[in-house]
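Structure first, commentary second.
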Amino acid sequence: MDGKGTDLEVASPILHTRGKEAFDDAVEEYNIAGVWLFNPRNQTIARADGLVHQVRAKTCDVLVLLIRHHDRVVTTEEFFDQVWEGRFVGENVLKRSIFELRHIFEDKSRDYIATAPKRGYRLKAAVARVRPDPPEPQPQIQPQPPSKPETTVPLAPVSAEAEQAQPDVRVSPAPIDIEPSSPIRSRFDFKRLVVGGFFLFLLIWGMAQKQALRQAQDENLQLQNGSAQMSRFMLDMLARYKTTGSRHESALKAMLDEERPRIDQRKLSPAERLRQLRFLAACYLAGGHYADARMVLDQSVRMGEEIHGKDAEEVIRIKFALVETLVAMNERQAAYDTARYTLDLIRSAHESDKELLGSGYYWMAMAQLECIYPYCDRPKALASGKQNAEMAIALFSESLGADATETGDALWLLNWFVRDSARKVEISRRALDIYLSNLGELDEKTAAAYAELSRTLATWGGDLESGERYMLKALAIRQKLYPENHYQVGKTYRYLGEQYMFMNQPELAAGYFAKASTVIGAVKGAGDPENLEALMWLAKAYLYRDKLTLAESAIAQAMDIIGTHQITPPYYLLQEMKAVEMRVKSETLARESSLDELMADIKLNRMLGLQAKNTFATAVVEHEYQTLLLRKEPGWLDETRYMDTFNLFLDDYLRLNRYFVRPDLQFVAARSMRLCRRKSEALCGSVRDALQRRNLEAPEQIVAHSDSAELVRTSVVESF
2 MDGKGTDLEV ASPILHTRGK EAFDDAVEEY NIAGVWLFNP RNQTIARADG
52 LVHQVRAKTC DVLVLLIRHH DRVVTTEEFF DQVWEGRFVG ENVLKRSIFE
102 LRHIFEDKSR DYIATAPKRG YRLKAAVARV RPDPPEPQPQ IQPQPPSKPE
152 TTVPLAPVSA EAEQAQPDVR VSPAPIDIEP SSPIRSRFDF KRLVVGGFFL
202 FLLIWGMAQK QALRQAQDEN LQLQNGSAQM SRFMLDMLAR YKTTGSRHES
252 ALKAMLDEER PRIDQRKLSP AERLRQLRFL AACYLAGGHY ADARMVLDQS
302 VRMGEEIHGK DAEEVIRIKF ALVETLVAMN ERQAAYDTAR YTLDLIRSAH
352 ESDKELLGSG YYWMAMAQLE CIYPYCDRPK ALASGKQNAE MAIALFSESL
402 GADATETGDA LWLLNWFVRD SARKVEISRR ALDIYLSNLG ELDEKTAAAY
452 AELSRTLATW GGDLESGERY MLKALAIRQK LYPENHYQVG KTYRYLGEQY
502 MFMNQPELAA GYFAKASTVI GAVKGAGDPE NLEALMWLAK AYLYRDKLTL
552 AESAIAQAMD IIGTHQITPP YYLLQEMKAV EMRVKSETLA RESSLDELMA
602 DIKLNRMLGL QAKNTFATAV VEHEYQTLLL RKEPGWLDET RYMDTFNLFL
652 DDYLRLNRYF VRPDLQFVAA RSMRLCRRKS EALCGSVRDA LQRRNLEAPE
702 QIVAHSDSAE LVRTSVVESF
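Under the working numbering, the first residue of the sequence shown is numbered 2, with each subsequent residue one higher.
Okay, here's the thing in structure tokens:
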């Protein structure tokens, strides 16, 4: 942003270059077929009953071009030249925008937009320019005087020549009857409606809607009863948020909390109340207030089922938002159950709706990705999730196009299930290209795609420099979209910390992990697994820079949170936390367990590993126990078992486990070489052989003995 309300996504080529003869400034709107009000600058299409559709920037440009040349067919070449500025994009991208517009206009009979085969498209619906009179100056303490009637300026009629070019359609369709309480039928899910538009609107609305900001300064601003006022809901909330003087999410939450009881107090039809609740939930979700979003969505599901029935599309889409919220809250079992029930509902009641069915498979795959032991058999969940993500891609490609945003969503999700490094990079780049083409740079989905491509390159592709560049780009986008203490910003801090651990820069990583814990802990709670993960990584970063006191403090804080909140983190995370805790204690010699206690801990760890069916995580922790045994009672050490766990650790490192980074390998290998002589030279030889078999170099530190036969501890993070 340059401070003037323009950016890559908002300042579209059509709106930027249009002439005064075709369009006026931002206050101008267009009445389409006497039913819809289109605002090009704000990218909204609103109906008189209050239904408001947020339109993607490129789709908005397509409609602008159709209106500009409403008297003739607009060729596909013109769309590509003016909307996509001559860039090569597939024809499905244009079809996707036309599909969106027809879906919004409920234009099944092509009365609004006609297709000229092998040529392009033409806007058939009657269009009139609407020029609201500018508001008169008024004192803030006085009520606003009634505005003057709007002036409608008809556009030029469709020429006879243009009509002959498309004889199979009518020129002026009859106006569509308006049902004041008709349900929302938008294809967009809550994430696209809000995350992709809510904060983007926040950045540009002040310049485009000065009158709305003046209204928003009134502390008693409320959404008045009446369907026509519903279209002001988003404007009012954004304007109030803008005038707080600070983009702090607590300001947004306070406004949403105030709005919540007002919805129940207003005299609204059930359908109108449901519509307002859905939007309120979407605002909570976009702001990162997941518990509030869940409460409103639960209420919306019950109300929707009473109004429309359990298998209605409106109810199903609310449940998609509920699954998304449950995933964000780490309510894994509830997310899985809701997604599975919803998919079964779609299969039985809406099997012919390919787009809706694709969404069902998408959210089922998302829930399976998040479902872990003890709620799910992890390997089976991942295998089934991969199939469901691939099914979603096929259905979205068939119904919406291979370049549709939903197809990009499913590709982004599939990347999490794929293990082949080359394919992961290919999928990640494809999803990013789709988002950049359809949504532009300043969008949450684009930021998420940059972040995932970064992690794929760092973990699987070995391109650490590109990984760092893409993650910094994701952070820059999210810092524009959200306040500093938003969850998405905190998550990106954690990702950046991991990136720098991969780059063997633990000191730089520590700063990002500390920021991540501060933000995520405040937003999602101290006991959230992502906060525990950030603290675990922070302890690692300190440990590998030989800052043992800080490392001990960080991992102790994480373990205290588990005890205080009486929570059970995911097994793989808990095992890694235990391993880090034991590494710290091993280096500080803080472990004072008896030999019997140590042997009992080893047996308990093996038993838990068998239950969780996670051999690698179990072996990592047992290797730490074996190391304590080597340090404390080397005579009791079983060399075979020690090497078994050491080999499993190395195998997991080579499997590209994201918890195991270069500093982990350096630390464990150097420690093994340092302590092995406590047992025997043969053990040292086995450690060297294990490293050499995997083409991993042994540490070059020279192990020295003191007069007391204690080993001199050397640096553990120097290059091999």
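In this text, a Cβ means the ideal position worked out from N, Cα and C, and glycines have one as well.
*What residues in its chain sit with their C-beta under 6 Å from that of Phe-80, if we drop five residues either side in the sequence?*
Here residue 80 refers to the residue found at position 79 of the sequence shown. So the qualifying residues of the chain are Leu-95.
_Looking at Ala-117: is its Cβ nearer than 8 Å to the Cβ of Ala-34?_
As a position in the sequence shown, residue 117 is number 116, starting the count at 1. As a position in the sequence shown, residue 34 is number 33, starting the count at 1. No, Cβ-Cβ distance for Ala-117 and Ala-34 is not below 8 Å.
*Does DSSP put Gly-386 in a helix, a strand or coil?*
One-based indexing of the sequence shown puts residue 386 at position 385. Helix, per DSSP.
_Rounded C-alpha distance that separates Glu-485 from Val-524_ = On the sequence shown, position 484 is the one that residue 485 refers to. On the sequence shown, position 523 is the one that residue 524 refers to. Taking the straight line from one Cα to the other gives about 11 Å.
*asked:* Once the 5 residues before and after Arg-97 are set aside, which same chain residues still bring their CB inside 7 Å of it?
replied: Residue 97 sits at position 96 when you count from the first residue of the sequence shown. Hits under 7 Å: Leu-401, Gly-402, Asp-404, Ala-405.
*For Leu-38, does the three-state DSSP call read helix, strand or coil?*
In the sequence shown, counting from the first residue as 1, residue 38 sits at position 37. Reduced to three states, the DSSP call for Leu-38 is strand.
*Hey, is the stretch 367 to 376 in contact with the stretch 57 to 77, meaning 3+ C-beta pairs nearer than 8 Å?*
no
*Asn-32, buried or exposed, once every other Cβ within 10 Å from all chains shown has been counted against 16*: Translated into the one-based positions of the sequence shown, residue 32 becomes position 31. The residue is buried, with at least 16 neighbouring Cβ atoms inside 10 Å.
*Quick one: using the 10 Å Cβ neighbour count with 16 as the cut-off for buried, is Asn-331 buried or exposed?*
Within the sequence shown, residue 331 is the residue found at index 330, counting from 1. When all chains shown are included, Asn-331 counts as buried.
*Looking only at its own chain, which residues have a Cβ that is under 7 Å from the Cβ of Ala-350, when we skip the five neighbours before and after it?*
Looking up residue 350 in the sequence shown gives position 349. Hits under 7 Å: Asp-312.
*From Asn-532 to Ser-518, what distance separates their C-alpha atoms?*
Reading the sequence shown from its first residue, position 531 is the one you call residue 532. Reading the sequence shown from its first residue, position 517 is the one you call residue 518. Roughly 5 Å separates the two Cα atoms.
_Integer-rounded CB distance, given that Ser-422 should sit under 8 Å from Leu-454_ = Looking up residue 454 in the sequence shown gives position 453. Looking up residue 422 in the sequence shown gives position 421. With 8 Å as the limit, Leu-454 and Ser-422 do not qualify as a contact, their Cβ atoms being about 13 Å apart.
*Ordered along the chain, which non-local residues of its own chain (more than five positions away) have a Cβ less than 6 Å from that of Gly-528?*
Within the sequence shown, numbered from 1, the residue matching residue 528 stands at position 527. Contacts found: Ile-562, His-566, Ile-568.
*asked:* Output needed for Pro-571: all residues of its chain with C-beta closer than 7 Å, excluding positions within five of it in sequence on either side, in chain order.
replied: As a position in the sequence shown, residue 571 is number 570, starting the count at 1. Around Pro-571: Ile-373, Pro-530.
*Mind pulling the alpha helix (DSSP H) runs of 4 or more residues that sit fully within the stretch 90 to 136?*
92 to 106
*Determine, using beta carbons only, whether Ala-580 and Leu-539 come nearer to each other than 8 Å.*
Here residue 580 refers to the residue found at position 579 when the sequence shown is read from its first residue. Here residue 539 refers to the residue found at position 538 when the sequence shown is read from its first residue. The answer is no: Cβ separation not under 8 Å.
*Less than 8 Å between the CB atoms is what I'm expecting for Lys-516 and Tyr-494, so what's the real figure, rounded?*
Position 515 of the sequence shown, counted from the first residue, corresponds to residue 516. Position 493 of the sequence shown, counted from the first residue, corresponds to residue 494. Rounded, the Cβ-Cβ distance is 4 Å, consistent with contact.
*Endpoints, beta strand (DSSP E) assigned at Arg-48*: For the purposes of this step, residue 48 is taken as the residue at position 47 of the sequence shown. Residues 45 to 48.
*Can you name the start and end residues of the beta strand (DSSP E) that Gln-506 belongs to?*
Counted from its first residue, the sequence shown places residue 506 at position 505. Segment: none, Gln-506 is in no beta strand (DSSP E) and carries neither H nor E.
*Hey, would you say Ala-129 sits closer than 8 Å to Arg-123, going by beta carbons?*
If you number the sequence shown from 1, residue 129 lands on position 128. If you number the sequence shown from 1, residue 123 lands on position 122. No, these two residues do not count as a Cβ contact at 8 Å.
*According to the neighbour-count rule (16 or more other Cβ atoms, all chains shown, within 10 Å of its Cβ), is Thr-641 buried or exposed?*
As a first step, residue 641 is located in the sequence shown; it is residue number 640 there, counting from the start. Exposed, by the Cβ-count rule.
_For the structure I just gave you, are there three or more beta carbon pairs, one from the stretch 303 to 311 and one from the stretch 323 to 338, closer than 8 Å?_
no
*7 Å Cβ shell around Tyr-285 - same chain, five flanking residues per side excluded*: For this step, residue 285 is matched to residue 284 along the sequence shown. Only Leu-257, Asp-293, Ala-294, Val-297 meet the Cβ criterion.
_Using 8 Å as the cut-off, can you tell me whether the stretch 379 to 396 makes contact with the stretch 408 to 421, which would need three or more C-beta pairs spanning the two stretches below that distance?_
yes
*Can you tell me the Cβ-Cβ gap for Asp-410 and Tyr-363, rounded? I've got them flagged as a contact below 8 Å.*
Within the sequence shown, the letter at position 409 stands for residue 410. Within the sequence shown, the letter at position 362 stands for residue 363. Rounded, the Cβ-Cβ distance is 6 Å, consistent with contact.
*Burial state of Ala-683 (16 or more Cβ within 10 Å)*: Looking up residue 683 in the sequence shown gives position 682. Answer is exposed; the Cβ neighbour count stays below 16.
*Beta-carbon of Asp-652 versus every beta-carbon of chain C: anything under 8 Å?*
Note that chain C does not occur in the displayed structure, where there is just one protein chain.
*From Ala-449, Leu-536, Lys-548, Arg-546, pick the residue whose C-alpha is nearest to that of Leu-574; which is it?*
By 1-based counting over the sequence shown, the position of residue 574 is 573. Cα-wise, what sits closest to Leu-574 is Leu-536.
_Inter-residue Cα distance where the pair is Leu-692 and Asp-653_ = Here residue 692 is taken as the residue at index 691 of the sequence shown, counted from 1. Here residue 653 is taken as the residue at index 652 of the sequence shown, counted from 1. So the alpha carbons of these two residues sit roughly 13 Å apart.
*Under 7 Å Cβ to Cβ from Thr-646, same chain only, skipping five residues before and after it: list those, please.*
Taking the first residue of the sequence shown as 1, we reach residue 646 at position 645. Closer than 7 Å at Cβ, skipping near neighbours: Ala-620, Glu-623, His-624, Gln-627.
*Gln-266 classed as buried or exposed, judged by whether at least 16 other C-beta atoms fall within 10 angstroms*: Counted from its first residue, the sequence shown places residue 266 at position 265. Result: exposed.
*Beta carbon of Ala-432 nearer than 8 Å to that of Ala-450*: As a first step, residue 432 is located in the sequence shown; it is residue number 431 there, counting from the start. As a first step, residue 450 is located in the sequence shown; it is residue number 449 there, counting from the start. Their beta carbons are under 8 Å apart, which means Ala-432 touches Ala-450 by this criterion.
_Quick check on the burial criterion: 16 or more other C-beta atoms within 10 angstroms. Buried or exposed for Gly-386?_
Within the sequence shown, numbered from 1, the residue matching residue 386 stands at position 385. Flag for Gly-386 reads buried.
*Compare the beta carbon distance of Phe-668 and Tyr-545 with 8 Å and say whether it is the shorter of the two.*
Position 667 of the sequence shown, counted from the start, is the residue given in the question as residue 668. Position 544 of the sequence shown, counted from the start, is the residue given in the question as residue 545. Their beta carbons are under 8 Å apart, which means Phe-668 touches Tyr-545 by this criterion.
*asked:* In the DSSP output, what is Gln-55 paired with across the bridge?
replied: Against the sequence shown, residue 55 aligns to sequence position 54. According to DSSP, Gln-55 bridges with Thr-45.
_At 4 residues or longer, what runs of the alpha helix (DSSP H) sit wholly inside the stretch 461 to 507?_
465 to 482, 488 to 503
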